[in-house]
Amino acid sequence: MRDEQRFLEAMGEHRRLVLRLVNLYVDDADERKDLEQEVWLQAWKAWPTFRGEAKLSTWLYRVALNTILTLKRRPRVVERNDHLEQLPGVGHDPSIRNDDAQRLHRALRLLPETDRALIALHLEGYDHAEVGGILGLTANHVGVKLHRIKARLTELLKPD
Amino acid sequence: MDLRLAFAAMVPEEAPATAAPLEARRLHSPSQHPLTKLRRALLLNMGFAVVITLGLLAVMARVEHLLVNVLLGGVVVFNAWALWTAHRVRRRLPAHVSADHALLDELRLHADATDAMMRMQERVSLFVLPIAATGGFLLGGTASSGATPVDLLGKPDVLISLVISLAVLVPLAYLLGRWMNRVAFGRHVQDLRRRIAELEA
Chain A
1 MRDEQRFLEA MGEHRRLVLR LVNLYVDDAD ERKDLEQEVW LQAWKAWPTF RGEAKLSTWL
61 YRVALNTILT LKRRPRVVER NDHLEQLPGV GHDPSIRNDD AQRLHRALRL LPETDRALIA
121 LHLEGYDHAE VGGILGLTAN HVGVKLHRIK ARLTELLKPD
Chain B
161 MDLRLAFAAM VPEEAPATAA PLEARRLHSP SQHPLTKLRR ALLLNMGFAV VITLGLLAVM
221 ARVEHLLVNV LLGGVVVFNA WALWTAHRVR RRLPAHVSAD HALLDELRLH ADATDAMMRM
281 QERVSLFVLP IAATGGFLLG GTASSGATPV DLLGKPDVLI SLVISLAVLV PLAYLLGRWM
341 NRVAFGRHVQ DLRRRIAELE A
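Chains as they are written, first to last, in this note's numbering: chain A, 1 to 160; chain B, 161 to 361.
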């Protein structure tokens with residue numbers, strides 16, 4: 001029981017991290033709740049394996065990404081396009097009030113799923129080796145992919 | 161635009177405080193993860209296999225015809241094999257998502273485990289269905305006519321009916337099972353393989 005309480009407190013501190021990640025993969029509010037719930041469930045089951053060797057946030061990122069990307073999700077058609085303005089509804093999240101954050105969110109939703117994970121880790125401040133460790137790629141590979149993703153993001157975020 | 165600041169602002173600072181806090185009861189609700197569903201489905205399969213095997217043994221104890229008993233015995237043996245195979249596949253399936261594996265390894269593990277489960281079920285059905293269908297046909301025939309299985313099989317029209325039943329029912333049931341597997345997990349495996357390819361690209 002005490003362990004459960006400790007877990008809930010520790011996770012409460014990192015809730016924004018999970019929410020940010022979940023928001024990158026689903027738009028629907030109910031689906032988000034379900035996905036967040038699943039991440040916490042899986043984290044709780046894996047909790048006994050947390051030995052404190054990595055930072056809790058890194059450990060949680062690993063569980064969250066492993067859960068989100070191995071889950072079955074409803075198929076969704078995401079159009080590929082060069083400008084966000086041409087896709088007014090795609091990825092729009094009314095809960096995001098900051099304009100830049102809204103634009104970035106919409107642009108990220110247009111990237112392939114694993115690219116979203118990679119750029120999210122980068123934007124959280126992880127270096128290439130750490131990102132590679134979480135995703136199972138070499139640091140060099142991460143660098144190459146990141147370069148491509150940034151180019152695509154620049155293209156998407158470019159004003160018309 | 162500062163991407164890091166924009167990224168951080170994607171979830172407002174006040175979100176954790178205003179949204180429903182984490183509750184202990186949430187940690188005990190059933191998981192919707194495919195791994196859990198697969199493990200549950202395999203356990204259910206194993207349960208059914210045990211019940212059916214017990215039923216077959218009860219029928220075998222009542223039926224006196226050797227041929228029917230041999231065929232039913234065949235189904236029992238294959239059921240036991242299917243049970244053991246399901247148990248082996250289930251043991252290989254992790255109980256939860258790993259925090260130790262990198263994403264690429266985890267995706268491979270899930271895709272391979274789901275593939276293995278589908279292949280196992282299809283292979284088992286291919287062996288069990290013909291024997292089960294023949295056993296059922298002979299059991300029904302002997303029960304309704306009172307004739308022995310040897311007498312039944314001695315009649316050309318019965319023999320032709322049996323062959324036609326097998327030729328139609330076995331592939332049909334096999335294809336139906338395969339289709340149901342594809343509907344339930346095919347798209348999921350495709351998604352997992354696509355994500356693996358994306359990561360490796």
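In this text, a Cβ means the ideal position worked out from N, Cα and C, and glycines have one as well.
Between residue 163(B) and residue 281(B), the alpha-carbon positions lie close to 48 Å from each other. Leaving aside the five residues that flank residue 292(B) on each side, the residues in its chain whose CB is nearer than 6 Å to its CB run, in chain order, 235. The alpha-carbon separation between residue 167(B) and residue 157(A) amounts to approximately 13 Å. Of the other Cβ atoms in all chains shown, 16 or more fall within 10 Å of the Cβ of residue 270(B); this residue is therefore buried. If you ignore the 5 residues before and after residue 64(A), its C-beta comes within less than 6 Å of the C-beta of 18, 21, 39, all in its own chain and listed in chain order. Under the 7 Å criterion on CB atoms, residue 206(B) is classed as non-interfacial with respect to chain A. Under the Cβ criterion of 7 Å, residue 321(B) is not counted among the residues facing chain A. For residue 254(B), not one C-beta of chain A is nearer than 7 Å to its own C-beta.
With respect to the C-alpha of residue 334(B), the residue from 360(B), 278(B), 210(B), 241(B) having the closest C-alpha is 278(B).
Going by DSSP, residue 205(B) is part of the alpha helix (DSSP H) stretching over 194-222. Residue 128(A) is positioned such that its CB atom lies closer than 7 Å to that of residue 142(A). DSSP, reduced to helix, strand and coil, places residue 259(B) outside both helices and strands of the structure shown, so it counts as coil. Its chain contains 246, 250 as the residues whose beta carbon lies nearer than 6 Å to that of residue 202(B), once the 5 sequence neighbours on both sides are disregarded; these appear in chain order. Taking a beta-carbon distance threshold of 7 Å, residue 285(B) does not count as an interface residue toward chain A. Under the Cβ distance rule, residue 275(B) does not count among the residues neighbouring chain A, no pair being separated by less than 7 Å. In chain order, 227, 228, 231, 309, 312 place their CB closer than 7 Å to the CB of residue 298(B), counting only its own chain and leaving out the 5 sequence neighbours on each side. By the beta-carbon neighbour count (other beta carbons within 10 angstroms, threshold 16), residue 194(B) is buried.
Chain B has a Cβ within less than 7 Å of the Cβ of residue 105(A). Across the structure, residue 56(A) and residue 206(B) are spaced so that their CA atoms are roughly 38 Å apart.
When secondary structure is reduced to three states using DSSP, residue 115(A) falls in the helix class. Along the length of the stretch 289-359 of chain B, whole alpha helix (DSSP H) runs at least 4 residues long occupy 309-314, 316-341, reported in chain order. The beta-carbon of residue 63(A) is placed less than 7 Å from the nearest beta-carbon of chain B. Residue state for residue 14(A) is assigned as coil, using DSSP reduced to three classes. Residue 240(B) counts as exposed, since fewer than 16 other C-beta atoms from the protein chains shown sit within 10 angstroms of its C-beta.
Within chain A, no C-beta atom comes less than 9 Å from the C-beta of residue 343(B); the nearest is roughly 12 Å away. A distance of 7 Å or more separates the beta carbons of residue 342(B) and residue 253(B). Put simply, of 237(B), 350(B), 255(B) the residue whose alpha carbon is nearest the alpha carbon of residue 216(B) is 237(B). Listed by position along chain B, the residues whose Cβ is nearer than 9 Å to that of residue 158(A) form an empty set, because the closest Cβ is around 11 Å away. 112(A) is the residue among 159(A), 112(A), 130(A), 140(A) whose C-alpha sits nearest the C-alpha of residue 356(B). Chain-order list of chain A residues neighbouring residue 260(B): 49, by C-beta distance under 7 Å. Counting C-beta pairs closer than 8 Å gives three or more between the stretch 43-53 of chain A and the stretch 256-268 of chain B, which meets the contact rule. In this structure residue 135(A) is in contact with residue 264(B), their Cβ atoms being roughly 6 Å apart against a cut-off of 8 Å. At a beta-carbon threshold of 8 Å, the residues of chain A lying near residue 167(B) are 20, 101, 104, 120, 123, 124, ordered along the chain.
In the structure shown, the three-state DSSP call for residue 138(A) is coil. In this structure, the beta-carbon distance from residue 69(A) to residue 107(A) does not fall below 7 Å.
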